[in-house]
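First up is the structure itself, then whatever we jot down about it.
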Amino acid sequence: MTLLRVAAVVGLALSVAGCASTDMDWLGVPYAVSEADRQNYAAHPNERFPLKAVELAKLDPRYRRQLVQYETREPSGTIIVDTPNRYLYLVTGENRALRYGIEVGREGMAWSGTANVARKAAWPTWTPPREMVARDPRTAPFANGMPGGPENPLGARALYLYQNGRDTLYRIHGGGNPRTLGKATSSGCIRLLDHDVIDLYRRVPQNTKTIVLPDPSLSSESASARVSAPHA
């Protein structure tokens, strides 16, 4: 059977299933798209900086927002960042959680620990720390702050993680790229797609307990260490 014929047969099978339509990814391979996916990643025209719909062909199905089975003793409302597997879980109770795909910190910039969401911001200002400006002169023009907007590395929303009343300088924020979800690419922070961080932002209040699990494959900073992650 030719590849074209195989694709046609697979597409037909998906279409008759009733729960999903069929699109083509960037390699021309058919994949299923649920109505929930389309709604979750639809355009946000009413944002201060409107967002286009996510190109689902570029978004690995593993990293799409979804409700999953997740066993934990943590109470409903807790955020758990599974750094090794590149997922963020929002515990919903009854051994279930909302799961989001994430990018994590590069080698030497990862962080782990228990903190709380002390502050939240929509389209936040980004201020690179002194260490980052010294390391990367391209950030010097923003030493006093970069206003929120599409080019801002924090993206559409930011959740600011504090421990014992002190800023860890680590954030859960937007600005993620569908093709880099699942990778260690950020400057230490936990990065989601803008569509996902907007969803998470509206679900979690201030003081939400947040647990960031360590990734043995990445060296990490303790929560009390002075770090050079993006902050605002």
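Numbering-wise, the sequence shown is residues -22 to -1, 1 to 210 according to mature numbering (1 follows the signal peptide of the UniProt record, and there is no 0). Glycine included, C-beta positions come from ideal geometry on N, C-alpha and C.
Item	Value
Just to confirm my understanding: we take VAL111, look at its own chain, exclude 5 residues before and 5 after, and list those with CB closer than 7 Å. What are they?	THR117, ALA118, ALA121
Please report the Cβ distance between PRO125 and THR103, rounded to the nearest whole angstrom; I am assuming they are in contact, meaning their Cβ atoms lie under 8 Å.	6 Å
In the DSSP assignment, the alpha helix (DSSP H) including HIS173 goes from what residue to what residue?	172 to 181
What residues match up with ASP60 in a beta bridge as DSSP calls it?	TYR65, LEU191
Just to confirm the assignment, what range does the beta strand (DSSP E) spanning ARG149 have?	144 to 151
Any idea which residues DSSP pairs ARG169 with across the strands?	GLU81, HIS151
Assess contact between the stretch 148 to 166 and the stretch 131 to 140, defined as three or more Cβ pairs (one per stretch) separated by less than 8 Å. Is contact present?	yes
Note the first and the last residue of the continuous alpha helix (DSSP H) segment covering VAL32.	Element bounds for VAL32: n/a, residue is neither H nor E.
Have a look at GLY152, THR186, ARG84 and flag the residue whose alpha-carbon is nearest the alpha-carbon of VAL95.	THR186
Would the beta-carbon of SER195 fall within 9 Å of that of PRO62?	yes
What does the Cβ neighbour count give for GLY91, buried or exposed, with the cut at 16 atoms within 10 Å?	buried
What span of residues does the beta strand (DSSP E) with ARG97 cover, start to end?	91 to 100
Measure the CB-CB distance between GLU81 and ARG169 and report whether it falls below 9 Å.	yes
Start and end of the alpha helix (DSSP H) containing residue 225?	Residue 225 lies beyond the stretch modelled for the chain, which goes from -22 to 210, so this question has no answer here.
Would you call residue 227 buried or exposed, if buried means 16 or more other Cβ atoms sit within 10 Å of its Cβ?	The structure shown does not extend to residue 227, since the chain is modelled only from -22 to 210, so the question has no answer here.
Please name the residue in PRO192, ASP174, VAL46 whose C-alpha comes closest to that of HIS22.	ASP174
For TRP101 and ARG51, what's the separation of their Cα atoms in angstroms?	33 Å
Can you list, in chain order, the residues of its chain with a C-beta nearer than 7 Å to that of GLN47? Leave out the 5 residues immediately preceding and following it.	ASN73, ARG74
Going by beta carbon distance, what residues of the same chain come within less than 6 Å of ARG97, once the five residues before and after it are set aside?	TYR138
SER165 and GLY83: beta carbons closer than 9 Å?	yes
When we look at the beta-carbon of ARG26 and count the other beta-carbons within 10 Å, is it buried (16 or more) or exposed?	exposed
By how many angstroms is the C-alpha of LEU29 removed from the C-alpha of TYR179?	16 Å
Which residue's Cα is closest to the Cα of ASP177: GLY160, GLU129, PRO115, TYR67?	TYR67
So, under 8 Å CB-CB, VAL32 and PRO156 are touching, yes? Tell me the CB distance rounded to an integer number of Å.	6 Å
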